[in-house]
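Heads up: the structure comes next, in structure tokens.
Numbering (this note's numbering), first residue to last: 4 to 383.
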């Protein structure tokens with residue numbers, strides 16, 4: 004169509020004359036993950052251009068209030084430029100309109116926020132030619148109707164939505180599950196340690212002669228938990244990741260279907276974080292009893308488990324604290340690693356195990372970068 008003439012000429016010239024393919028990227032969210040991702044792309048830009056003849060062009064960077072727009076790409080001074088050259092009070096239409104005005108092709112929008120409000124922009128972005136990459140889990144864990152509607156719009160517009168980092172940070176978990184499921188493999192159960200912070204907590208508590216409050220404070224001090232550790236201890240984050248896996252298997256579960264073991268005693272769930280941290284020792288006796296009542300050579304693990312007849316419309320989803328043999332795959336996890344056991348008919352009682360660093364800005368950003376590079380494979 005005439006409105007696509009300039010974009011089409013750019014693409015055709017690139018193919019005929021061997022000019023590099025431009026991949027134009029808009030990144031929303033510049034916190035730990037978003038900022039790390041931007042720097043990773045800028046530092047790898049020359050190498051990607053040399054090896055693959057692909058020019059990664061970040062034309063938009065935005066936080067919750069400002070957007071920096073540069074058609075030729077941002078520079079290493081992007082943080083300063085975001086403060087001094089950015090437009091304030093933007094909407095997603097400003098980014099979409101800028102891409103159209105500058106005839107930018109091969110568009111990718113990256114959501115590194117943790118905001119419920121931003122996912123409303125996904126469908127307009129797709130309808131205006133953007134593929135999506137997201138470390139934000141919310142779009143995959145809100146009500147199932149939105150989940151289905153987004154995928155219908157993606158299909159009708161021939162766009163992709165990649166979110167490998169939603170579960171397991173940089174681990175190749177979702178890709179593996181999708182490949183197994185789409186090839187007709189019957190996945191019968193998935194379970195594992197989904198949270199890096201809670202992995203660190205129980206890996207250390209199980210082996211050390213310390214109170215749970217001491218180990219938890221150590222995890223907070225080292226930055227393994229959220230500033231308010233109750234966000235981790237509530238189990239909601241693990242539940243969201245478990246729900247994403249269920250929906251990858253075409254199950255229609257909602258968040259309310261997840262049976263969650265909240266690790267926080269009821270009387271400590273309310274109030275501000277400072278007050279909570281001063282009362283951590285009130286958890287010690289309960290967890291001492293749980294630890295002491297284990298069988299010999301067993302350790303505690305906080306896991307997510309998807310089970311039941313997964314050929315039906317819904318599965319059984321549970322987030323729970325369990326005791327496992329120390330020599331089992333779950334029992335031998337160290338540090339803040341995540342681990343996932345995937346049980347299938349073909350593998351029988353021996354699960355496929357995926358294990359590694361399941362948290363951290365560097366590995367999460369690298370996983371988002373990997374999704375961006377996957378999308379470049381379908382570029383013109």
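We put the beta carbon where it would ideally sit given N, CA and C, even for glycine.
Review point. Which ranges does the beta strand (DSSP E) cover as unbroken runs of at least 3 residues, wholly within the segment 41-71, from first to last along the chain?
Key: With a minimum length of 3 residues, the continuous beta strand (DSSP E) runs that stay inside the segment 41-71 are 57-65.
Check your understanding: Exposed or buried, what is residue 243 when buried is set at 16 or more other beta-carbons lying within 10 Å of its beta-carbon?
Key -> So residue 243 ends up on the buried side.
Check your understanding: Under the three-state reduction of DSSP, which class applies to residue 192: helix, strand or coil?
Key -> Strand, per DSSP.
Check your understanding: Bridge partners of residue 369, per DSSP?
Key -> Residue pairing of residue 369 in beta bridges, as defined by DSSP: absent, with no partner found.
Practice item. Using beta-carbon positions only, say whether residue 136 and residue 156 come within less than 8 Å of one another. Key: In this structure, the beta-carbon distance from residue 136 to residue 156 does not fall below 8 Å.
Practice item. Specify, as a first and last residue, the run of the alpha helix (DSSP H) that residue 127 falls within. Key: Secondary structure note for residue 127: its alpha helix (DSSP H) is the uninterrupted segment 125-130.
Review point. Sorted by chain position, which residues of the same chain lie with C-beta nearer than 8 Å to residue 181's C-beta, five sequence neighbours on each side aside?
Key: Taking C-beta separations shorter than 8 Å and ignoring five residues to either side along the sequence, the partners of residue 181 in its chain run 251, following chain order.
Check your understanding: Nearest-angstrom Cα distance between residue 111 and residue 133?
Key -> Near 5 Å, if we compare the C-alpha coordinates of residue 133 and residue 111.
Point to revise | Integer Cβ distance of residue 276 from residue 231, believed to fall under 8 Å | key: Rounded, the Cβ-Cβ distance is 4 Å, consistent with contact.
**Study point:** Span of the alpha helix (DSSP H) around residue 143
**Key:** For residue 143, there is no enclosing alpha helix (DSSP H), as DSSP gives it neither H nor E.
Exercise for review: Under the assumption that residue 205 contacts residue 307 (Cβ atoms under 8 Å), give the Cβ distance between them as a whole number of angstroms.
Suggested key: Taking 8 Å as the upper bound for CB-CB distance, residue 205 and residue 307 are not in contact here, some 14 Å apart.
Point to revise | C-beta contact flag for residue 140 and residue 169 at 8 Å | key: With contacts defined as CB atoms closer than 8 Å, residue 140 and residue 169 qualify as a contacting pair.
Check your understanding: Is residue 38 helix, strand or coil by DSSP?
Key -> Three-state result, residue 38: helix.
Check your understanding: Which one of 98, 74, 64 has the shortest CA to CA distance from residue 86?
Key -> Of 98, 74, 64, the smallest CA-CA separation from residue 86 is found for 64.
Exercise for review: Decide if residue 366 is buried, meaning its Cβ has at least 16 other Cβ atoms within 10 Å, or exposed.
Suggested key: So residue 366 counts as buried.
Point to revise | Alpha-carbon spacing of residue 339 relative to residue 199, whole angstroms | key: Distance between the alpha carbons of residue 339 and residue 199 is about 5 Å.
Review point. Does the segment 147-156 come within contact of the segment 340-350, defined as at least 3 CB pairs closer than 8 Å?
Key: No, they do not touch.
**Study point:** With 16 other Cβ atoms within 10 Å as the buried cut-off, status of residue 79
**Key:** Exposed, since its Cβ has fewer than 16 Cβ neighbours within 10 Å.
Check your understanding: Which full runs of the alpha helix (DSSP H) of 4+ residues lie inside the segment 296-345, going along the chain?
Key -> Residue ranges of uninterrupted alpha helix (DSSP H) with 4 or more members are absent from the segment 296-345; none lies entirely inside it.
Check your understanding: Excluding sequence positions up to five away, which residues of its chain have a Cβ less than 6 Å from the Cβ of residue 28?
Key -> Only 61, 111 meet the Cβ criterion.
Review point. Where does residue 123 land, buried or exposed, given buried means 16+ other C-beta within 10 angstroms?
Key: Residue 123 is classed as exposed because its beta carbon has fewer than 16 other beta carbons within 10 Å across all chains shown.
**Study point:** Cβ distance (whole Å) where residue 262 is taken to contact residue 216 below 8 Å
**Key:** At roughly 26 Å, the Cβ-Cβ gap does not stay under 8 Å, so residue 262 and residue 216 are not in contact.
Review point. According to DSSP, is residue 104 helix, strand or coil?
Key: If DSSP states are grouped into helix, strand and coil, residue 104 belongs with the helices.
Exercise for review: Give, in chain order, every unbroken run of the beta strand (DSSP E) that is at least 3 residues long and sits entirely within the segment 177-222.
Suggested key: Those beta strand (DSSP E) runs which fall completely within the segment 177-222 and span 3+ residues are 190-196.
Point to revise | Beta carbon proximity, residue 237 to chain B, threshold 8 Å | key: Here there is only one protein chain, and chain B is not present.
Exercise for review: Could you tell me which of 58, 82, 90 sits nearest to residue 72, measuring between CA atoms?
Suggested key: Closest by alpha carbon: 90.
Review point. Taking the Cβ atom as the reference point for each residue, do residue 328 and residue 301 lie within a distance shorter than 8 Å?
Key: Contact: yes.
Review point. Using the beta-carbon count (16 or more within 10 Å), is residue 284 buried or exposed?
Key: Exposure of residue 284 is indicated by the presence of fewer than 16 other C-beta atoms within 10 angstroms of its C-beta.
Practice item. Note down, in chain order, each residue of its chain lying with its Cβ closer than 8 Å to the Cβ of residue 130, except the 5 sequence neighbours on either side. Key: Within the same chain, residue 130 has close Cβ partners 156, 160.
Exercise for review: To the nearest angstrom, report how far apart residue 298 and residue 84 are at their CA atoms.
Suggested key: For residue 298 and residue 84, the distance between alpha carbons rounds to 59 Å.
**Study point:** Alpha-carbon to alpha-carbon, residue 147 and residue 342
**Key:** Rounded to the nearest angstrom, the two C-alpha atoms are 27 Å apart.
Exercise for review: Count the other CB atoms, across all protein chains shown, that sit within 10 Å of the CB of residue 235; report buried if there are 16 or more and exposed otherwise.
Suggested key: That one is buried.
Review point. Leaving out five residues before and five after residue 99 in sequence, what residues of the same chain have Cβ atoms less than 6 Å from its Cβ?
Key: The answer, listed in chain order, is 131.
Check your understanding: Roughly how many whole angstroms lie between the Cα atoms of residue 193 and residue 295?
Key -> Near 28 Å, if we compare the C-alpha coordinates of residue 295 and residue 193.
**Study point:** DSSP three-state assignment for residue 161, whether helix, strand or coil
**Key:** In this structure, residue 161 counts as coil in the three-state DSSP scheme.
**Study point:** Contact check, residue 368 vs residue 40, beta carbons under 8 Å
**Key:** Their beta carbons are under 8 Å apart, which means residue 368 touches residue 40 by this criterion.
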